[in-house]
Amino acid sequence: MMATAVADQRIQLEDTIINHQLTRRPLRRVNRTGEMAGMHSLAEVFPQGRGAVLKRLVKLAVDLCSGGSSGISVIEGDSPQTQLFRWQVLAGELEEYEGGTSPRDWSPCGECLRAGRAMLYSYPARYFTYFHELKTPIVEGLVIPMYLNDLAVGTIWIVSHGEECKFDAEDVRIMTNLGAFAAGLLRREFGADANGEKNANFQERAIVWEEYVRRMGHGDQFALAALMDETGPLVLGTALRVLGFREDAEEVVGDVYSKAWTGAGTYDARRGKVGAWLTGIARNRSIDQLRARGKGRLGQALSETEAYNSIEEFKKSVAAFEDKESIREALRTLPPDNRRPIELAYFSGFTMPEVAQYLGHPVGTIKSRIRKGLTKLRAAVAASAGGSQD
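Quick note: the sequence shown, position 89, residue 270 per the numbering used here, numbers continuous.
Here's what the structure looks like:
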């Protein structure tokens, strides 16, 4: 769809803008659990490429803001006279219009970028009359500007199709965070990617992590939480390889993100990627802790007859086992249905309910799969330990 209709001269732009409502409406409770689960879902589709991630992102916007449709509009064209907004990715009731366009100089997105702030519209079709061509009416529309290195690249927006949905300041916060995430993924459209397409997926994640650190430097705690959620296993794994004990490694992880928070303002991407920066801190802190506690035996090896009846027993056994790689090798022999819950519960530190929610199965099913997996793991580790002694 290409917007070509003529504006209704009886309605002024100001008649559709209701930004004052953003401060008057009561804030709803922050859904941190939903946001963290959403970040997990984004991470899951990274291997599928940028398009899949952006699609999941706008679907997440619909879910978190309880809207009817969401989308990302990207600027196309070289000159202001010829520029337009391409509806690059849509979700919800307006998804069928994906790929459509609207004018840069006569659109809610254009006015949002002109103002340089979030804009809340009420029945925008009264002024932007081409919206009358949509099959589904827009009751309210919240539009957030997206910037990349201070360059406006487009907008991210959420709209409602009924009076029951009213956007508030909490929706502004959510959409602003998602917009910053999306802008990082759009980097290659507004500047050359020196590493080419070969490492595109890795580069996209690295870009997002850089954006998190930049926002942390401005005091954004949500960005810190998101960075911890995505990079936590990487940092914990680094500390575990050095220290061997999970309790000590978790203490190092806390130190790493504390240092990252205080040092985010001085982080320089030219000196290294975020992942390398965090693992470097983890390695140095782990070595310091190892030196402080001195050398010593890590404990007795796993007994061939030891039973794993719970994740806690498994953790204690692994903490006392000298060859951690044997544990990982043994885990690789398990079927995915048994292996994945154990990895989440031990290596990622999830609780049983969290594992169940993440994998989409009842808690009872997860417990059963873990119990069977631990039984198989006991035999595999015992065999590995026996073989290493021969």
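Glycine included, each C-beta is placed from N, C-alpha and C at the ideal position.
Keep in mind the model is a prediction, meaning the values are calculated, not measured.
Within 10 Å of its beta-carbon, does residue i have 16 or more other beta-carbons around it, so buried, or fewer, so exposed?
{"i": "Leu415", "result": "exposed"}
{"i": "Leu332", "result": "exposed"}
{"i": "Lys236", "result": "buried"}
{"i": "Arg478", "result": "Low confidence applies here, because Arg478 scores a pLDDT of 30, under 50, leaving its location unreliable and the question unanswered by this model."}
{"i": "Ala575", "result": "In the structure as shown, the chain begins at 182 and stops at 571. Residue 575 is therefore absent and cannot be evaluated."}
{"i": "Gly306", "result": "In the sequence as presented, Gly is not what sits at residue 306; that position holds Ala. Buried."}
{"i": "Gln269", "result": "buried"}
{"i": "Asn490", "result": "For Asn490, the predicted structure reports a pLDDT of 48, less than 50, and the residue's modelled location is therefore unreliable. The matter cannot be settled from this model."}
{"i": "Gln193", "result": "exposed"}
{"i": "Arg298", "result": "exposed"}
{"i": "Val353", "result": "buried"}
{"i": "Glu428", "result": "exposed"}
{"i": "Glu292", "result": "buried"}
{"i": "Arg231", "result": "buried"}
{"i": "Asp401", "result": "buried"}
{"i": "Gly475", "result": "Only weak support exists for where Gly475 lies, its pLDDT of 46 falling under 50; the coordinates are left without a value."}
{"i": "Arg520", "result": "buried"}
{"i": "Ala488", "result": "Because Ala488 carries a pLDDT of 39, less than 50, the predicted location of this residue cannot be relied on, and the following value inherits that uncertainty. Label assigned to Ala488: exposed."}
{"i": "Val211", "result": "exposed"}
{"i": "Pro228", "result": "exposed"}
{"i": "Met183", "result": "Low confidence applies to Met183: its pLDDT is 45, below 50, so where it sits in the model is not reliable, and the reading given next is rough at best. Flag for Met183 reads exposed."}
Is the beta carbon of residue i sitting closer than 9 angstroms to the one on residue j?
{"i": "Cys290", "j": "Gly335", "result": "yes"}
{"i": "Glu392", "j": "Gly413", "result": "no"}
{"i": "Val243", "j": "Gly281", "result": "no"}
{"i": "Leu275", "j": "Ser250", "result": "yes"}
{"i": "Leu245", "j": "Ile319", "result": "no"}
{"i": "Gly581", "j": "Ile339", "result": "Residue 581 lies beyond the stretch modelled for the chain, which goes from 182 to 571, so this question has no answer here."}
{"i": "Gly238", "j": "Phe403", "result": "Reading off the sequence, residue 238 comes out as Leu, not Gly. Against a cut-off of 9 angstroms, the Cβ pair of Phe403 and Leu238 comes out as no contact."}
{"i": "Pro522", "j": "Gly554", "result": "yes"}
{"i": "Ile325", "j": "Arg285", "result": "no"}
{"i": "Arg550", "j": "Asp518", "result": "yes"}
{"i": "Val434", "j": "Ala420", "result": "yes"}
{"i": "Tyr448", "j": "Gly398", "result": "yes"}
{"i": "Asp436", "j": "Gln202", "result": "no"}
{"i": "Met327", "j": "Ile253", "result": "yes"}
{"i": "Arg395", "j": "Ala445", "result": "yes"}
{"i": "Gln470", "j": "Glu510", "result": "no"}
So is the beta-carbon of residue i under 8 angstroms away from any non-hydrogen atom of the ligand ATP?
{"i": "His221", "result": "With respect to the ligand ATP, the structure shown offers nothing to examine, as it has no ligands at all."}
Going by alpha carbons, who is nearest to residue i out of the options?
{"i": "Leu459", "options": "Arg427, Met409, Asp429", "result": "Met409"}
{"i": "Ala526", "options": "Arg285, Ile547, Pro516", "result": "Ile547"}
{"i": "Ser288", "options": "Tyr311, Gln202, Gly360", "result": "Tyr311"}
{"i": "Tyr278", "options": "Thr317, Ala299, Tyr302, Ala430", "result": "Thr317"}
{"i": "Glu321", "options": "Ile198, Pro228, Val536", "result": "Ile198"}
{"i": "Arg191", "options": "Tyr308, Ala233, Met300", "result": "Tyr308"}
{"i": "Ser283", "options": "Leu265, Ala537, Glu195", "result": "Leu265"}
{"i": "Ser467", "options": "Ala441, Lys440, Arg422, Gly444", "result": "Arg422"}
{"i": "Glu216", "options": "Asn465, Glu411, Lys557, Gln470", "result": "Glu411"}
{"i": "Thr204", "options": "Glu351, Thr443, Lys557, Met533", "result": "Glu351"}
{"i": "Tyr302", "options": "Leu315, Glu195, Gln229, Glu345", "result": "Glu195"}
{"i": "Glu535", "options": "Ala218, Asn465, Pro228", "result": "Ala218"}
{"i": "Gln557", "options": "Asn212, Leu512, Glu225, Gly461", "result": "Here residue 557 turns out to be Lys, not Gln, going by the sequence shown. It is Leu512."}
{"i": "Met220", "options": "Ala537, Leu405, Leu294", "result": "Leu405"}
{"i": "Ala233", "options": "Leu367, Arg464, Phe426, Leu540", "result": "Leu367"}
{"i": "Leu424", "options": "Ala463, Val389, Thr443", "result": "Ala463"}
{"i": "Asn200", "options": "Leu323, Arg213, Thr263", "result": "Leu323"}
{"i": "Leu329", "options": "Glu345, Leu315, Val389", "result": "Val389"}
{"i": "Ser341", "options": "Gly258, Tyr304, Thr357", "result": "Tyr304"}
{"i": "Arg552", "options": "Leu294, Met533, Leu315", "result": "Met533"}
With residue i and residue j assumed to form a contact (beta carbons below 8 angstroms), what rounded beta-carbon distance in angstroms separates them?
{"i": "Arg206", "j": "Lys347", "result": "6 angstroms"}
{"i": "Ala387", "j": "Gly456", "result": "7 angstroms"}
{"i": "Ala430", "j": "Leu417", "result": "6 angstroms"}
{"i": "Leu359", "j": "Leu241", "result": "7 angstroms"}
Using a Cβ-Cβ cut-off of 9 angstroms, state whether residue i counts as contacting chain C.
{"i": "Ile462", "result": "Protein chains in the displayed structure number just one, and chain C is not present."}
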